[in-house]
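**Q** Residue numbers (this note's numbering): 28 to 170.
Glycine included, each C-beta is placed from N, C-alpha and C at the ideal position.
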């Protein structure tokens with residue numbers, strides 16, 4: 028899942044992104060096609076990529092589910108993120124990242140090359156170990 032929309036300073040979520048984040052718990056509770064995460068990984072900041080957006084995007088969902096957000100990885104640690112995911116095979120893991128690097132993570136895990144459009148904040152890709160499905164959450168949002 029991609030982080031929510033950028034605010035004017037590009038570090039935090041915009042108002043629209045914040046509203047989207049607030050609605051994620053309800054969307055996951057009501058959806059029959061979105062698996063409930065058992066683990067959540069969100070991109071953490073580093074010296075060259077300052078952003079709270081991945082964390083802010085899933086904070087409400089993590090609180091609602093009663094699980095912590097793993098912030099052990101920064102933007103370009105694709106290999107380490109993939110290793111972590113592979114160690115937890117069989118669990119529903121929600122990965123929230125910057126969209127360009129998220130495409131790299133998806134390719135490393137699935138072998139599938141996807142393009143995430145710059146203005147797409149509504150998609151969630153679901154990998155079941157056999158196929159990759161794109162799911163839109165736009166129908167569930169009231170922004």
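Go ahead and pull the three-state DSSP assignment for residue 120.
**A** For the purposes of this step, residue 120 is taken as residue 93 along the chain shown, with counting starting at 1. Reduced to three states, the DSSP call for residue 120 is strand.
**Q** Can you grab the Cα-Cα spacing for the pair residue 98 / residue 156, in whole Å?
**A** Within the chain shown, numbered from 1, the residue matching residue 98 stands at position 71. Within the chain shown, numbered from 1, the residue matching residue 156 stands at position 129. So the two alpha carbons sit approximately 24 Å from each other.
**Q** Could you give the DSSP three-state label for residue 29: helix, strand or coil?
**A** Here residue 29 is taken as the residue at index 2 of the chain shown, counted from 1. Looking at residue 29 - three-state DSSP - the assignment turns out to be strand.
**Q** Using a 10 Å radius around the Cβ and a threshold of 16 neighbouring Cβ atoms, would you call residue 77 buried or exposed?
**A** Sequence index remark: in the chain shown, residue 77 carries index 50 (1-based). It counts as exposed.
**Q** For residue 127, does the count of other Cβ atoms within 10 angstroms reach 16, so buried, or fall short, so exposed?
**A** If you number the chain shown from 1, residue 127 lands on position 100. Exposed, because fewer than 16 other Cβ atoms sit within 10 Å of the Cβ of residue 127.
**Q** Does DSSP put residue 71 in a helix, in a strand, or in coil?
**A** On the chain shown, position 44 is the one that residue 71 refers to. Strand at residue 71.
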